[in-house]
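In the working numbering, the protein residues as written are 1368 to 1575.
Beta carbons: idealized from backbone N, C-alpha and C, even for Gly.
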Amino acid sequence: MRSVLVIHNQKLAQEGKFFPVSDSLSPESILRSNGYIVTCTSDQEQAKQLIIDADAAILQLSMDEVKPWSTFLMQLKGLPLIWWCDERSASQSLEACEDDVMLDGMLTPFMKGYEIHWALHFSSKQFVERQQWYNEREQLLSRIEERKWIDMAKSILCEIKSITESEAYDILRKQAMNERKRLVDVATSIVKVYQLLQVGKESRVKPK
């Protein structure tokens, strides 16, 4: 990890209230003095370009600002998200200390060089584990959704054809093979057609 993107609070940046680059306690100054390539912004449009070459994002923000920025950055690129905990960001985050925030690590202005290097190293490992967990979660949710459509389709076939669930599943499987489609796609089609037919029936029997 050599290149980092520092995100500042936009309002404070416009007012010139965050540390200037020359300040010895600024994330830019500290990270550059330890051999990192640093770019910084407080603007989301600019972040879209700067994030391309970044290996990590350092968020010099209060916790309530971290959440929307984390979501925004992860939509652009998967990379470690690290909180810069200084006096301002910490004091403004007291009420959000129990919030569920997407972060992989933390840096402070008073860390020594070797502490920064190791903190970033472990943040990278944490990010990989978080991404793996997220991917597994998405796959699980996808399988649950697919199972829902398949169960609904089986129930419809059982009702219409007066057959068992096992027989209904065999029908779905054979139709998927014949049409060279996924089982869930066949099931979804059956459910949606059935629902349309039910809506049509209800509209015909409504009293005028």
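Under DSSP, the beta strand (DSSP E) around residue i begins and ends at which residues?
i     : result
A1424 : 1423-1427
M1469 : No beta strand (DSSP E) contains M1469, which DSSP labels as neither H nor E.
Got a sec, what are the start and stop residues for the alpha helix (DSSP H) residue i sits in?
i     : result
I1511 : 1480-1528
R1455 : 1454-1458
L1398 : 1394-1400
L1461 : Looking at the DSSP string, L1461 is not in any alpha helix (DSSP H), and its letter there is neither H nor E.
For a test of the three-state rule: what should DSSP assign to residue i, helix, strand or coil?
i     : result
T1408 : strand
S1556 : helix
M1368 : coil
L1446 : coil
V1388 : Residue placement at V1388 is flagged as unreliable, the pLDDT there being 44, under the threshold of 50; a coordinate-derived value is accordingly withheld.
Y1536 : helix
T1438 : helix
C1548 : According to the sequence provided, residue 1548 is Lys. The question's Cys does not apply to it. Here K1548 sits in coil by DSSP.
Y1561 : helix
Is the separation between the beta-carbon of residue i and that of residue j shorter than 8 Å?
i     : j     : result
K1521 : L1539 : yes
L1448 : L1470 : yes
I1397 : P1476 : yes
V1433 : W1451 : no
R1369 : D1410 : no
N1401 : G1480 : yes
I1517 : L1524 : no
M1430 : V1468 : yes
S1456 : L1428 : yes
In the DSSP assignment, what are the bridge partners of residue i?
i     : result
I1374 : T1408, L1426
W1451 : L1474
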